[in-house]
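The structure appears right after this line, and notes come after that.
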Amino acid sequence: MHPMLNTAIKAARRAGTIINRASIDLDRIQVSRKGPSDYVTEVDRAAEEAIIDVLQSAYPDHAFLAEESGQHGHAKEGEHHENEWVIDPLDGTTNFIHGFPTYAISIALRQRGQVMHAVIFDPARNEMFTASRGGGAFLNDRRMRVSTQTKFHDALLGARWPGSKLPDELAAPRFAELARGCAGLRRTGSSVLDLVYVAVGRLDGFCGLGLKPWDLAAASLMVLEAGGLISDLEGEQTWGDTGNVLAATPKIFTQMLAHLNGPGSK
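Numbers -3 to 262, taken from my numbering, label the letters of the sequence shown in order.
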């Protein structure tokens, strides 16, 4: 295993310990709002600080892009960082503060803009997902592969749209068209876990709107290394810029694109 991946695993476990301890007594956690239905807690911040501390101690010259504290270290204009860690310390904060055990830590290393190593840790289930570019994706050291599902009407899909309630008027027809044809549509409240569940075969596909770099960096590599496909909602490779993402096992991927862009979806 690559030393940088090992360091990221160590950082994820450190953050997981903080989150698990806090989950025992949720009533004592201080919660504040970043926006409507968008929460942040002292646990998010403590977990992020722990991750950065571990990574920075090992790699003091690396840059960071973290959900709560923003960007640390600057590349020249128009250039990518040689090494940049992209961190989401607690994806699924709303779930966490309600005691709903579906949330995760996401850490990815980008080198000159390309994700090379990725770790996602689900502390509630003690599931450690890892991937290195060209080296495959693993769950607790067991190789991950996307599902073998080929029939859209039997496919279980994940979905994410901004906010915690219904999709807006523009997105609603597309999601309705998607839901109409599949076996079921799930919204877990953690897009990081939704995407890695595609990689491990628990979901056959995922469609998300408005995701951030820290939602996508680690999980996107895992989907690709597990044999899945990823694009924007039109099948193009702009998802890293737009945050609009479709990820799926190959046979379901093409069928999802057809449903998302069919006559009933407009």
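Don't be surprised by glycine CBs; every beta carbon is placed ideally from N, CA and C.
Option nearest residue i by Cα separation, candidates the options
i: residue 142; options: 65, 190 and 24; result: 190
i: residue 125; options: 53, 151, 216 and 52; result: 216
i: residue 62; options: 50, 192 and 83; result: 83
i: residue 100; options: 186, 127 and 129; result: 186
i: residue 81; options: 67, 150, 152 and 39; result: 67
i: residue 211; options: 111, 172 and 48; result: 111
i: residue 121; options: 171, 59 and 9; result: 9
i: residue 46; options: 103, 0, 208 and 201; result: 103
i: residue 245; options: 235, 195, 232 and 213; result: 195
i: residue 157; options: 220, 26, 214 and 207; result: 207
i: residue 251; options: 148, 16, 40 and 199; result: 148
i: residue 55; options: 78, 25 and 42; result: 78
i: residue 243; options: 192, 257 and 169; result: 192
i: residue 16; options: 27, 23, -1 and 39; result: 39
i: residue 296; options: 22, 240, 179 and 133; result: One cannot answer for residue 296 here, as it falls past the ends of the chain, which runs -3 to 262.
Exposure of residue i, with buried meaning 16 or more beta-carbon neighbours within 10 Å
i: residue 136; result: exposed
i: residue 247; result: buried
i: residue 94; result: exposed
i: residue 204; result: buried
i: residue 13; result: exposed
i: residue 255; result: buried
i: residue 226; result: buried
i: residue 73; result: With a pLDDT of only 47 at residue 73, under 50, the local geometry of the prediction cannot be trusted, and the value read off the model is given with reservation. Result: exposed.
i: residue 153; result: buried
i: residue 224; result: buried
i: residue 20; result: exposed
i: residue 7; result: buried
i: residue 119; result: buried
i: residue 200; result: buried
i: residue 89; result: buried
Strand pairing of residue i, partner residues [DSSP]
i: residue 226; result: 243
i: residue 21; result: DSSP, once it has assigned bridges, lists no residue as partnering residue 21.
i: residue 113; result: 105 and 128
i: residue 180; result: 152
i: residue 263; result: Outside the shown range of the chain (-3 to 262) lies residue 263, about which nothing can therefore be said.
i: residue 135; result: 125 and 138
i: residue 67; result: 61
i: residue 100; result: 87
Residue range of the alpha helix (DSSP H) that includes residue i
i: residue 120; result: Note, residue 120: premise wrong, no alpha helix (DSSP H); not H, not E.
i: residue 26; result: Unbroken run through residue 26: none, as it is neither H nor E.
i: residue 60; result: Segment 59 to 62 is the beta strand (DSSP E) holding residue 60; no alpha helix (DSSP H) there.
i: residue 193; result: 187 to 196
i: residue 39; result: 38 to 54
i: residue 207; result: Segment: none, residue 207 is in no alpha helix (DSSP H) and carries neither H nor E.
i: residue 238; result: 235 to 238
Terminal residues of the beta strand (DSSP E) in which residue i lies
i: residue 202; result: 201 to 204
i: residue 84; result: 80 to 87
Distance cut-off 7 Å: residue i Cβ against heavy atoms of the ligand FAD
i: residue 210; result: Among the components modelled here there is no ligand, and therefore nothing to report on the ligand FAD.
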